[in-house]
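Scroll down for the structure; my scribbles are underneath it.
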Amino acid sequence: MQPLAGLSVLDLTQIYNGPYATFLLAAAGAEVIKVEPPGGEHLRKRSGSAASTLPYAMLNAGKLSVRLDLKTEEGRTILARLADKADILVENFAPGVMERLGLGAAALQARNPRLIYASSSGYGSDGPYRDYPAMDLTVQAMSGIMASTGFPDQPPVKAGPAICDFTSGIHLYAAITTALVERARTGRGRVVEVSMMEAIYFSLSSNLGMLHAQGDAAPQRTGNRHGGLSLCPYNVYPAADGHIAIIVNHETHWRSLLTAFGRTDILDGPRWRTNAERVAEMNEVDSLVASFTRDLPRQEAFERLVAHRVPCAPVRSLDEVMHDPHLHARGMLRPIDHPQYGPMIAAGSPLRFDGIANDPGRPSVPLGTDTRSVLGQRLGLSEAELDRMETERII
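The sequence shown: position 277 = 276 (numbering that gives the first Met the number 0), numbered continuously.
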């Protein structure tokens, strides 16, 4: 049995951060009922771009799909009745939206005291920024991620992946499962929330450390060097066919790196024996390491360094990662023929539970696929009632 088997989740989330939290719940065995408006949630509605199909399919595998118009009184009544029978409700609307619908935490927990009500937003349910519109890009800008990304002599840039969305999704999952532990002890639900801006803050630890130590003298962007400029070598270096990332955390790594490239003579020299000495002359040290790597294929440089236990990795393309033999061997990635979108690479959950296969369950389904079965089985609605609501576009 999966860890969360038997738990029922109402998923009102959209785009990335909330759907990732509920994907993790589904992958751990919870029954997740994704409730979407008549036109579908925003990511599903990006149908004009083929680039949206894989993200939607990945994040919504293993979920049931219910179409429900919460702008109608009857639609809101149906959701409240579903919440009466649910263990968890998750939403990532702007703060105040659910309250205006009469479906906020206080209203739903008054009906179902065991309900765990979880929400995520850009800046949280209170505070001066509460009502600012927020997406991953804007939170990267507001949180300092963007100012810290890029090279010091160039403008700030966003991080390539949607790190604020997915970091907050992980935190939301953690908050929900923590509340489940509490409910097992007390029998009562809890309201939990995650702010995207707060969830990403700790990722800036190295940069914040440098700011704390140097104040206004601290550079905002360090390129591919350590965010706190306190390790060297720590950079991306040229190879004959691309680039390789190398990190030296301590003197053993430094000795091993020089040994891997046949330059143990440098160990006896007067310079660069300690990390502090190397940090003081980063440009020279980086040039030295680049002279070792630039004429080697990245795989050869990687194999030499790994043989000497130096932390490193070739800089790989997304296509290489999507077809990575390690991720496929572990079952994290697998090819499927999606019934809507055709052949694609499906992803499992990064959370592993011993003895349970890493299978995300059935692929994502068309909007409203499970509406009639869910409402019929859970709320006892008759076929005639379901027909009427379909006609009136409530479902």
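All C-beta atoms, glycine included, are put in the ideal place defined by N, C-alpha and C. Computed from a prediction, not measured in an experiment: that's the story for all the values here.
Reduced DSSP secondary structure (H/G/I, E/B, other) of residue i
i, result
"Ala104", "helix"
"Gly472", "Here the chain has residues from 0 to 394 only, and residue 472 is not among them."
"Asp267", "helix"
"Ala312", "strand"
"Pro324", "helix"
"Tyr233", "strand"
"Ile199", "helix"
"Gly126", "coil"
"Ile246", "strand"
"Ala239", "coil"
"Gly168", "helix"
"Gln1", "coil"
"Val364", "coil"
"Gln376", "helix"
"Arg329", "coil"
"Glu391", "coil"
"Ala183", "helix"
"Gln139", "helix"
"Thr176", "helix"
"Arg273", "One point to set straight first is that residue 273 is Thr, not Arg, in the sequence displayed. In this structure, Thr273 counts as coil in the three-state DSSP scheme."
"Ser147", "coil"
"His252", "helix"
"Arg221", "Sequence check: residue 221 is Thr here, not Arg. It is coil, neither helix nor strand."
"Ala109", "helix"
"Asp396", "The structure shown has nothing for residue 396, since the chain only spans 0 to 394."
"Ala93", "coil"
Sequence-distant residues of its chain with Cβ nearer than 8 angstroms to residue i (five each side left out)
i, result
"Ala20", "Thr12, Val89, Ala117, Ser119, Gly168, Ile169, Leu171, Tyr172 and Ile175"
"Thr137", "Gly121 and Tyr131"
"Gly397", "Residue numbering for the chain in the displayed model covers 0 to 394; residue 397 lies beyond these limits and cannot be assessed."
"Tyr340", "Thr52, Leu53 and Ala56"
Which residues DSSP lists as bridging residue i, in chain order
i, result
"Glu192", "Ser118"
Residue range of the beta strand (DSSP E) that includes residue i
i, result
"Met343", "Gly341 to Ala346"
"Pro334", "Leu332 to His337"
"Asp10", "Ser7 to Asp10"
Contacting residues, own chain, Cβ-Cβ under 6 angstroms from residue i (five flanking each side not counted)
i, result
"Met321", "Ile344"
"Leu165", "Reading the sequence as shown, one finds Phe at residue 165 and not Leu. Hits under 6 angstroms: Tyr19."
"Ile265", "Leu257"
"Val190", "Ala104 and Tyr116"
"Ala198", "Thr166, Ser167 and His170"
"Ala259", "Arg303, Leu304 and His307"
"Arg277", "Cys231, Trp271 and Val284"
"Asn155", "According to the sequence shown, residue 155 is Pro rather than Asn. Counting only Cβ-Cβ distances below 6 angstroms, and skipping sequence neighbours, we find Met145, Ala146 and Gly149."
Terminal residues of the alpha helix (DSSP H) in which residue i lies
i, result
"Ala212", "Ser204 to Gln213"
"Tyr131", "Unbroken run through Tyr131: none, as it is neither H nor E."
"Phe291", "Met281 to Thr292"
"Asn16", "Asn16 to Ala26"
"Ala356", "Taken as a continuous stretch (DSSP letters only), Ala356 belongs to no alpha helix (DSSP H), as it is neither H nor E."
"Met97", "Val96 to Arg99"
"Leu304", "Arg297 to Ala306"
Neighbourhood of residue i by C-beta, 7 angstroms cutoff - its chain only, sequence neighbours within 5 removed
i, result
"Ser147", "Leu203, Asn206, Gln219, Arg220 and Gly226"
"Pro37", "Arg66, Asp68 and Arg392"
"Lys84", "Ser7 and Arg377"
"Leu107", "Ala79, Ala82, Leu88, Leu114 and Tyr116"
**Message:** To test your reading of the DSSP string, which unbroken beta strand (DSSP E) runs of 3 or more residues are found completely within the stretch 28 to 90?
**Reply:** DSSP runs (the beta strand (DSSP E)) wholly in the stretch 28 to 90: 30 to 35, 62 to 66 and 87 to 90.
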